[in-house]
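Chains as they are written, first to last, in this note's numbering: chain A, 1 to 444; chain B, 1001 to 1444.
Virtual Cβ for every residue (Gly too), placed ideally from N, Cα, C.
A short write-up of the structure that comes next.
Number of protein chains: 2
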Amino acid sequence: MIAGISLNIPDTTKPRVVIIGGGFGGLNLVKKLPLKEFQVVMFDKHNYHTFQPLLYQVATAGLQPDSIAGPLRNVFSDKPDYHFRLLKVLSVNCAAKTIETVAGTLSYDYLIIASGSRANFFGNTDVQKLSFPLKTIPEALNLRSQLMQVFEIAGITNDPAQKARLMNIALVGAGPTGVETAGALAELRKYVLPKDYPDLDFTKMNIYLIEGSSRVLPSMSEYASTKAKKSLEKMKVIVKTNSFVDGYDGKTVRLKSGETIEAQTVVWSAGVTGDILAGLALDSIEHGRILVDHHCEVLGTKGIYAIGDVASMESSDYPNGHPGVAQVAIQMGTYLGKNLLNFHLRLPVNPFKYFDKGSLATIGRNKAVADLPGNLHIAGRPAWYVWLFIHIAYLIGFRNKLLVFINWIWSYITYDQGNRLIIRPFIRKDDKLGQEIALTNELE
Amino acid sequence: MIAGISLNIPDTTKPRVVIIGGGFGGLNLVKKLPLKEFQVVMFDKHNYHTFQPLLYQVATAGLQPDSIAGPLRNVFSDKPDYHFRLLKVLSVNCAAKTIETVAGTLSYDYLIIASGSRANFFGNTDVQKLSFPLKTIPEALNLRSQLMQVFEIAGITNDPAQKARLMNIALVGAGPTGVETAGALAELRKYVLPKDYPDLDFTKMNIYLIEGSSRVLPSMSEYASTKAKKSLEKMKVIVKTNSFVDGYDGKTVRLKSGETIEAQTVVWSAGVTGDILAGLALDSIEHGRILVDHHCEVLGTKGIYAIGDVASMESSDYPNGHPGVAQVAIQMGTYLGKNLLNFHLRLPVNPFKYFDKGSLATIGRNKAVADLPGNLHIAGRPAWYVWLFIHIAYLIGFRNKLLVFINWIWSYITYDQGNRLIIRPFIRKDDKLGQEIALTNELE
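This is the structure in structure tokens:
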């Protein structure tokens, strides 16, 4: 608690719904909630919703940050009795039905945990300190800042080993984020970087994609994996499946096999863990996710729900819970938004049923893979069009759709990625050379 | 000097032109230079050119940062023997004809100082530490981050004096930057903020515009000043002319008159000073600018030129040098780019002559003032169209023109400013409450 501040949420006779997180889950929940029946209070640590599937394009200079985000106050500014607070929720007291923040305590009738997930480093603190996760806009801009600086420094170093290391990039985890980032980097290497840095030899730049399982895109079909791997290898991405990262010291990635890879930049997308709220009973948490019943209600609680990445709902189709993808969060948010009044009125409600609309991943220009409903698997240009269309369709707001669309047409025609600004002062603390140069350059 | 790095500029038989700064001056210089005749090396601390006249729109959530910038490597990537280094030039040795960087020494045949200007705090270190200048993109994003956070905190504080202070904004200096920022803030207050923060009473938010001289826009016509002041006051900006800031402690602005203004946010645009290169003779520097002759050559030197804000060229029309505006930098850059080969070949060259295309400032929707050539002064909607057209026309690159154009149309139709993301972790160090909240929110 910080003295002198309080949450200032008006008293109400309506039931109060407290939502933690304005991601896909929280946003779609509010869209469907009958806001005349409830008071809604949303908490988030960012003042904007992030369209996470396109973060990798912000990191690789394809898009501007504001194009894939929507201010959370703005989205519902026309709704009555909707309140946003830019605060982290610290804990819940299930017995008292209250949540705790630095600005004080708030009682709730319904609490919805939609806090999503963050990178899982599996306890490896070195990797956590030295690699780049890609889950938030500041993280994407930090990676962009790193990418735009390693080549600058590669151009002026006299140490050939350091030069090679600065130009190499290792991506750990070959899910959609790893695959899409690898593809975007391969295109930067082919079309953009050689023009920007004529002094550097980009045939010597290596992009490694390291995956623990036996295939890339392990959550997609075998067909998609095979096609994606073929495309990546055609684009000269070095794909290493069945490979586990054992350690990273900021310079050298050590694999479990004993093999080492020299890379100044490591992007970590090897797994996520739910952003769990403190105060929940430990037996309602499993593998970093909150166990919920078929109504999204947290096991062992009354009036607390969890949706999206942070929730784990066991079902016959998904014995270990649903995959941590946007569609699950969207559908759970929509389900809960439509049904919370029914829960409140104790009316019968059908259990949540996930409709798998399929999975997509883009690898590059005219290259994508898609698993569609009805066991339909496509690749290449048709899959790429589907990918483009779906991503535009799900972006928040017409302005964002238009701006992203224009950026993509522009990049497609010009083979350029124009958003290469270093606007975050990121230089890794262990990078002595980078730090020294940044210091004299007065990096802001 | 940092060990292990060097500039790695290839040796050449052509004369080497070293340019410090990729602003309006440096950029237009390279555009016009016959690049077959020279080797060109450009140094800048940013990897992008900034379109400074629109920085205030990035700060006030109207535009995205990448839309008003162009990567400096990219702009000339088709030019032979053009080299960019993301490094600060530390000093010049005029006798040896070399410049110094942390990556080593470089000889030049021609050195062009186009380093521009930075905020001048006139020795007031408190103001320097606690106020927001608006000369670079990181500075604009820091101001945006501050603006998006003061209202969040105002909504949760229990101290009425603190709440009032958090909502007030003082702008010091009523040149174009101060006037345009004041207008943009007044529109945010009118159209955007009350919807975003329904709990706050925006009739209590004060915007102060403080100017030392007797009128706003002192560099423009009396007509423009009068019209601009009337528009600003109609938009409820509190204009204080003949007022000098004596001090600021992070909470209270003290004026020389003894009057005080409570404001958590102070934007400083009260003056600039040239970014002077160390190593020049002291008698070639006056009032923070480098004295140049009518060929832009620095007085007392051979082969060193200065252009734009950092240069001061005495002439009958401008006895104290030209105004520090984009047009002067553009025209000097163009002049030098066209004539450097003639200087090199010792051919006769006409002196630089500044053609004043006029001055513009926008105050808000359909509101602007313009002093045009031929002593033509206009205001209101026609001036606003001229302003829009000129700013689009001078933006670098078709993509930027298009993106800014769409953002403007969007804002015009919706009365919304969509780019409200907090993407820089700015919280002022003396702001204890803000720091504490940021800490628990894990502000990235």
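Minimum C-alpha distance to residue i - residue among the options
i, options, result
"residue 1082/B", "1321/B, 1014/B, 1185/B and 1295/B", "1014/B"
"residue 1412/B", "1018/B, 1090/B and 1366/B", "1366/B"
"residue 280/A", "349/A, 442/A and 112/A", "112/A"
"residue 336/A", "177/A, 5/A and 34/A", "34/A"
"residue 67/A", "158/A, 25/A and 51/A", "51/A"
"residue 107/A", "8/A, 150/A and 122/A", "8/A"
"residue 40/A", "11/A, 384/A and 59/A", "11/A"
"residue 383/A", "368/A, 372/A and 346/A", "368/A"
Chain B within 7 angstroms of residue i, Cβ atoms only
i, result
"residue 265/A", "no"
"residue 160/A", "no"
"residue 64/A", "yes"
"residue 50/A", "no"
"residue 156/A", "yes"
"residue 440/A", "yes"
"residue 5/A", "yes"
Residue i Cβ short of 6 angstroms to the ligand NAP heavy atom set
i, result
"residue 1416/B", "For the structure depicted, the ligand NAP is absent and the ligand set is empty, with no information on it obtainable."
Cβ of residue i within 7 angstroms of any chain A Cβ
i, result
"residue 1421/B", "yes"
"residue 949/B", "The structure shown does not extend to residue 949/B, since chain B is modelled only from 1001 to 1444, so the question has no answer here."
"residue 1059/B", "no"
"residue 1086/B", "yes"
"residue 1105/B", "no"
"residue 1410/B", "yes"
"residue 1306/B", "no"
"residue 1077/B", "yes"
"residue 1069/B", "yes"
"residue 1427/B", "no"
Terminal residues of the alpha helix (DSSP H) in which residue i lies
i, result
"residue 1026/B", "1024-1032"
"residue 439/A", "432-440"
"residue 138/A", "137-154"
"residue 1167/B", "1160-1167"
"residue 1056/B", "1055-1059"
"residue 411/A", "398-414"
CB contact flag (residue i, residue j, <7 angstroms)
i, j, result
"residue 311/A", "residue 237/A", "no"
"residue 1300/B", "residue 1332/B", "no"
"residue 250/A", "residue 200/A", "no"
"residue 1183/B", "residue 1269/B", "no"
"residue 1103/B", "residue 1006/B", "yes"
"residue 59/A", "residue 144/A", "yes"
"residue 25/A", "residue 329/A", "yes"
"residue 1373/B", "residue 1358/B", "yes"
"residue 209/A", "residue 161/A", "no"
"residue 1028/B", "residue 1440/B", "no"
"residue 325/A", "residue 306/A", "no"
"residue 1493/B", "residue 1120/B", "Nothing in the structure corresponds to residue 1493/B, since chain B is present only between 1001 and 1444."
"residue 1138/B", "residue 444/A", "yes"
"residue 1099/B", "residue 436/A", "no"
Beta strand (DSSP E) segment containing residue i, residue limits
i, result
"residue 368/A", "367-372"
"residue 1132/B", "Segment: none, residue 1132/B is in no beta strand (DSSP E) and carries neither H nor E."
"residue 240/A", "237-240"
"residue 1039/B", "1039-1043"
"residue 1110/B", "1110-1113"
"residue 246/A", "245-248"
"residue 273/A", "272-274"
"residue 1093/B", "1091-1093"
Closer than 8 angstroms at the beta carbon, the chain A residues around residue i
i, result
"residue 1047/B", "148, 152, 420, 421 and 422"
"residue 1436/B", "2 and 102"
"residue 1141/B", "423"
"residue 1433/B", "2, 4 and 5"
Within chain A, partners of residue i - CB distance below 7 angstroms
i, result
"residue 1093/B", "Ordered by position in chain A, no residue passes the 7 angstroms Cβ test against residue 1093/B, which lies about 18 angstroms from the chain."
"residue 1138/B", "423 and 444"
"residue 1399/B", "410 and 418"
"residue 1199/B", "8"
"residue 1395/B", "Per Cβ cutoff of 7 angstroms: no residues; residue 1395/B is ~12 angstroms from chain A at best."
9 angstroms Cβ cut-off: residues of chain A touching residue i
i, result
"residue 1074/B", "192, 195, 196, 416, 418 and 420"
"residue 1406/B", "399, 402, 403 and 406"
Per-residue contacts from residue i into chain B (C-beta, under 7 angstroms)
i, result
"residue 188/A", "Per Cβ cutoff of 7 angstroms: no residues; residue 188/A is ~12 angstroms from chain B at best."
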